[in-house]
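Residue numbers (the working numbering), protein chains in the order written: chain A, 3 to 117; chain B, 348 to 460.
Written out as structure tokens, the structure is:
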């Protein structure tokens, strides 16, 4: 696609429910990132996928968070048993990967509110 | 460890005046440096990046940034601010051996009419 696409754009869920956030990267981009941005905060790295390599999960805040990337393209971030502190904007980004000075391009974000 | 610092949470500037948004970094070796802008309720948009070569980098919307290796800085500048430049600005750094991007905490720029 022309840009990184994320869905849903907004999600309100009850505490304790599971949520899935989807990211469709730019066509041909092999690297995919998930970040979290809490209100008034900077970007918190969550997870990074590069091609068929094992993902870098070092930023996931707890075992309630997981992500997968199917077929090297679409990625799903899953949050189980949501808590109010999970309320944030979840940003997905993609890039061409590799070791050059590649730019990462962001989607519009999925705004999650846990009530 | 790689890190980025944006020492100012908030910058206010009058319309038509030059603006500067500061960024310093810490990374092993030579860095790749980036600036992104975030308008309200939107994702981040790429503005410009420094890879190598000329220390002065020009980007979108009239913005430019100067890489200063001795001061480990990459300040964002614009000669004449517009009200529409009001947004949140993020500096990011990536080292040349990995793929992780490290973002600063952001600087909120307000251009006063």
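Think of the CB as a built atom: it goes at the ideal place given N, C-alpha and C, for glycine as much as any other residue.
- When C-alpha distances from residue 46(A) are compared across 33(A), 31(A), 83(A), 88(A), the shortest belongs to 88(A).
- Using a Cβ-Cβ cut-off of 8 angstroms, residue 53(A) does not count as an interface residue toward chain B, since no Cβ of chain B sits closer than that to its own.
- Looking at the DSSP output, residue 25(A) bridges to 8(A), 77(A).
- When DSSP reads this structure, residue 370(B) sits in no beta bridge, so it has no partner.
- Residue contact check for residue 396(B) against chain A: a CB pair falls below 8 angstroms.
- Residue 408(B) sits in a helix when the DSSP states are folded into three classes.
- At a cut-off of 8 angstroms, the C-beta of residue 421(B) has no neighbouring C-beta in chain A.
- Neighbours of residue 62(A) in chain B, taken as residues at a C-beta separation under 8 angstroms, are lacking, since the least C-beta distance is about 14 angstroms.
- In the assembly as shown, residue 436(B) is a buried residue. Its beta-carbon has 16 or more other beta-carbons within 10 Å.
- A distance below 6 angstroms between beta-carbons, with the five flanking residues on each side excluded, links residue 40(A) to the following residues of its chain, in chain order: 90.
- Counting only residues of its own chain and dropping the five nearest sequence neighbours on each side, residue 441(B) has a CB closer than 6 angstroms to the CB of 379, 448.
- No Cβ of chain A is located within less than 8 angstroms of the beta carbon of residue 414(B).
- Of all residues in the stretch 369–381 of chain B, those with a C-beta nearer than 8 angstroms to a C-beta of chain A are 379, 381, reading in chain order.
- If you look at residue 38(A), you'll find it in the beta strand (DSSP E) that goes 33–39.
- Counting only the Cα atoms, residue 95(A) lies some 10 angstroms from residue 31(A).
- Between residue 411(B) and residue 396(B), the C-beta gap is not smaller than 8 angstroms, which leaves the two residues out of contact.
- Residue 49(A) has a beta carbon lying at 8 angstroms or more from every beta carbon in chain B.
- If you draw a straight line from the Cα of residue 77(A) to the Cα of residue 370(B), it comes to about 32 angstroms.
- DSSP places residue 360(B) inside the beta strand (DSSP E), whose first and last residues are 357–361.
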